[in-house]
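To keep things clear, I will list the structure first and then write my remarks on it.
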Amino acid sequence: MPLTLNAFLKDFEYARCWHTGAYRLATRAGGHMSKLTKVLALAVIAAIVIGFAGVNNTAAQGTYVKTFDLKLPVAEGAYAGVDPKGTTITWWHQHSGQREAAVQAAAEKFNAENPFGITLNVVSKGSYDDIFTAVTAGIQTGELPEIVVAYGNQAAVYQNNQALVDLDVFFKDPVLGIQDFEQDMFTRFFESDLNAAHDNQRLGFSTYRSVEVLYYNVDVLTEMGYSRPPKTWDEFGEMVCRFVREGRGTDGYQIRTDASFIAAGAFAAGGDIYDRAAGEFTYNSDAAKVLPKAIQKLLNDGCIKKTVDPRARSDQSAFANGAALFYTGSSSGIPFVWSAIKDSPKPFTFDVAPIPGYGDNPPVVNVYGASNSVVAKGKTPEKILAAWLFLRWFSEAEQQAAWAKATNYFPVRRSAAANLEDVFAAEGTGRAYRSAFQLLENTKEEPSVDVYQTVRSETSKAFNDILDGADVDERMDQLTQLANELLAASRK
């Protein structure tokens, strides 16, 4: 039987993972790091290699045969007779700093231990936008890697040129596939890999995720007489208005205007921003308008503020310094936030919860993160199979645990939790990491249509207009119409 989340939570306390964001927030004016940050950053970088080299095996794999135990070439299926022995492949990724060190450590372990003689080269190719530019150019020139990081909407663009492998050919293979997918994987993490723009082809392989959460100041909420975070926007409003009016802080909450926040609000309210069955955006649905209406009212009431400087993460700073009661953002920022709280004049206990709006219903949270696609254009079957074998190996519990330790992302396998004892033992962030981990069974992802990046920008513009006084119903109608016009144009 796979290790269940509830069983794991009875056995272990959760704690902190570190990531590059912690470095950024802990950096003070003039670019100096706190002593705590220096020690932690050095410790984590040293631990990355140890993590990939020394994670224990787990028996929670069911009928799954580990990648390095596969006997190749296989005798049946689409890749029958294909032998990847001696193949060299390349992975373009976006990571830097200690996450890049984790990628390199994984590649070195794979190269040293895989029995197929496959060599993986890893290349940090810049930002997601840089990689998108390089791939779209490479589709024309032929200069492409075998594996590339991509969001679903980017993968959809690549597949307009038949550049990617539909990975269902591997997922469903009786030997090469993921036989314990339903039993051990967080299956909803993989929904965005099924691309609606291309007949639900599986154009990516999820290897990590994070979730959109509400950060809150536990100490202050307790002092105010509350025993839990808000489940509804009315409760959120009561808490944040009291916080400001009682003089506990000046900001209450600095508003996040990112499109993922709007999507998270729709999910929390039991709806969506995109109807997958109809193939259209639904920003004008009742559920999608709950958050904008609530935030607009609280802003008008003077209980919350616009984010002063989004690029400088002023919303996180306001929360960490005690000026705000709440902050919303990615769970991967947990150590980032804790570092700032630790260095603030008055440190406090914090925790995370679902975005409000769900009331007494089970909360549905927005889960996000890029996946890795396998390139088909110009590639031999041997290279394609070699790329799949790496991703399959990387998705196994041991590697997922090492990756989680190094990056603070969540693993895609439940059984990886058995190898995260040390991650769940650090001071300060354990409570928040546990709370976020408990949300992973009920998630939803944003749409993976090729125009979504443009729609995201338009969503942020619309929300800012609403904060400036635009009528919510009218502005969300306009956004929906524009988004669907963009979608229709992309399908011609």
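So the sequence shown is numbered by my numbering: it starts at -13 and just counts up by one. C-beta atoms are modelled at their ideal positions from N, C-alpha and C, and glycine is treated no differently.
Exercise. Skipping 5 residues on each side, what residues in its chain have a beta carbon closer than 7 Å to that of residue 156?
Worked result: Looking up residue 156 in the sequence shown gives position 170. Excluding positions up to five away in sequence, the list reads 162, 163, 374.
Exercise. With which residues is residue 302 paired in a DSSP beta bridge?
Worked result: For this step, residue 302 is matched to residue 316 along the sequence shown. Note: residue 302 sits in no beta bridge, so no partner.
For this session: Note the first and the last residue of the continuous alpha helix (DSSP H) segment covering residue 60.
Result: Here residue 60 corresponds to residue number 74 of the sequence shown, with the count starting at 1. Taken as a continuous stretch (DSSP letters only), residue 60 belongs to no alpha helix (DSSP H), as it is neither H nor E.
For this session: Alpha carbon to alpha carbon, how far is residue 267 from residue 461? Give it in angstroms, no decimals.
Result: As a working mapping, residue 461 is identified with position 475 in the sequence shown. As a working mapping, residue 267 is identified with position 281 in the sequence shown. Approximately 14 Å between the Cα atoms of the pair.
For this session: Name, in chain order, the residues that DSSP records as bridge partners for residue 171.
Result: Here residue 171 refers to the residue found at position 185 when the sequence shown is read from its first residue. 399.
For this session: Kindly indicate which three-state DSSP category residue 241 falls into: helix, strand or coil?
Result: Taking the sequence shown and counting its residues from 1, one reaches residue 241 at position 255. Reduced to three states, the DSSP call for residue 241 is strand.
Exercise. For the segment 73 to 93 against the segment 126 to 145, are there 3 or more C-beta pairs whose distance is under 8 Å?
Worked result: yes
Exercise. Among 472, 66, 251, which residue has its Cα nearest to the Cα of residue 242?
Worked result: For the purposes of this step, residue 242 is identified with residue 256 of the sequence shown, where counting begins at 1. Checking every option, the nearest Cα to that of residue 242 belongs to 251.
Problem set entry | Alpha carbon of residue 9 to alpha carbon of residue 325, nearest angstrom | Residue 9 sits at position 23 when you count from the first residue of the sequence shown. Residue 325 sits at position 339 when you count from the first residue of the sequence shown. Summary for residue 9: the model assigns pLDDT 33, below 50, so the residue's position carries little reliability, and this model does not support an answer.
Exercise. For residue 361, which of 426, 257, 151, 53 has the nearest alpha-carbon?
Worked result: Position 375 of the sequence shown, counted from the first residue, corresponds to residue 361. Among 426, 257, 151, 53, the Cα nearest to that of residue 361 belongs to 151.
For this session: Look at the alpha carbon of residue 397 and the alpha carbon of residue 403, and state the distance between them as a whole number of angstroms.
Result: Your numbering for residue 397 matches position 411 in the sequence shown. Your numbering for residue 403 matches position 417 in the sequence shown. Going from the Cα of residue 397 to the Cα of residue 403 covers about 8 Å.
Problem set entry | Rounded separation between residue 54 and residue 186 - CA only | To locate residue 54, count along the sequence shown from 1; it is residue 68. To locate residue 186, count along the sequence shown from 1; it is residue 200. Cα-Cα distance, rounded: 30 Å.
For this session: Please confirm if the segment 265 to 279 is in contact with the segment 309 to 323, defined as three or more CB-CB distances below 8 Å between the two stretches.
Result: Here the segment 265 to 279 does not lie against the segment 309 to 323, with fewer than 3 beta-carbon pairs under 8 Å apart.
For this session: Please go through the segment 320 to 360 and give each complete beta strand (DSSP E) segment of 3 or more residues, from N-terminal end onward.
Result: 336 to 339, 351 to 354, 357 to 360
Exercise. Are the Cβ atoms of residue 301 and residue 417 separated by less than 8 Å?
Worked result: The residue labelled residue 301 in the question sits at position 315 within the sequence shown. The residue labelled residue 417 in the question sits at position 431 within the sequence shown. Their beta carbons are not under 8 Å apart, which means residue 301 does not touch residue 417 by this criterion.
Exercise. Which residues mark the beginning and the end of the alpha helix (DSSP H) in which residue 133 is found?
Worked result: Taking the sequence shown and counting its residues from 1, the one referred to as residue 133 is at position 147. Going by DSSP, residue 133 is part of no alpha helix (DSSP H) but of the beta strand (DSSP E) stretching over 133 to 136.
Exercise. In whole angstroms, what separates the C-alpha of residue 471 from that of residue 477?
Worked result: By one-based count along the sequence shown, residue 471 stands at place 485. By one-based count along the sequence shown, residue 477 stands at place 491. Going by the C-alpha atoms only, they are around 10 Å apart.
For this session: Go ahead and pull the three-state DSSP assignment for residue 188.
Result: Counting from 1 along the sequence shown, the entry for residue 188 is found at position 202. Strand at residue 188.
For this session: Enumerate in chain order the residues of its own chain whose CB-to-CB distance from residue 449 is below 7 Å, with the five nearest sequence positions on each side excluded.
Result: If you number the sequence shown from 1, residue 449 lands on position 463. Closer than 7 Å at the Cβ level, and outside the excluded window around residue 449, lie 243, 248, 278.
Exercise. When burial is assigned at 16 or more other CB atoms within 10 Å of the CB, is residue 148 buried or exposed?
Worked result: As a working mapping, residue 148 is identified with position 162 in the sequence shown. Exposed: under 16 other Cβ atoms inside 10 Å.
Exercise. I think residue 223 touches residue 289, with their Cβ atoms under 8 Å apart; what is that distance to the nearest whole Å?
Worked result: Locating residue 223 in the sequence shown gives position 237, counting from the first residue. Locating residue 289 in the sequence shown gives position 303, counting from the first residue. Sure, about 7 Å apart at Cβ, within 8 Å.
Exercise. Which residues mark the beginning and the end of the beta strand (DSSP E) in which residue 475 is found?
Worked result: Translated into the one-based positions of the sequence shown, residue 475 becomes position 489. From DSSP, residue 475 is part of no beta strand (DSSP E) but of the alpha helix (DSSP H) over 458 to 476.
For this session: Alpha carbon to alpha carbon, how far is residue 117 from residue 372? Give it in angstroms, no decimals.
Result: In the sequence shown, counting from the first residue as 1, residue 372 sits at position 386. In the sequence shown, counting from the first residue as 1, residue 117 sits at position 131. Using only the alpha carbons, I get a separation of about 21 Å.
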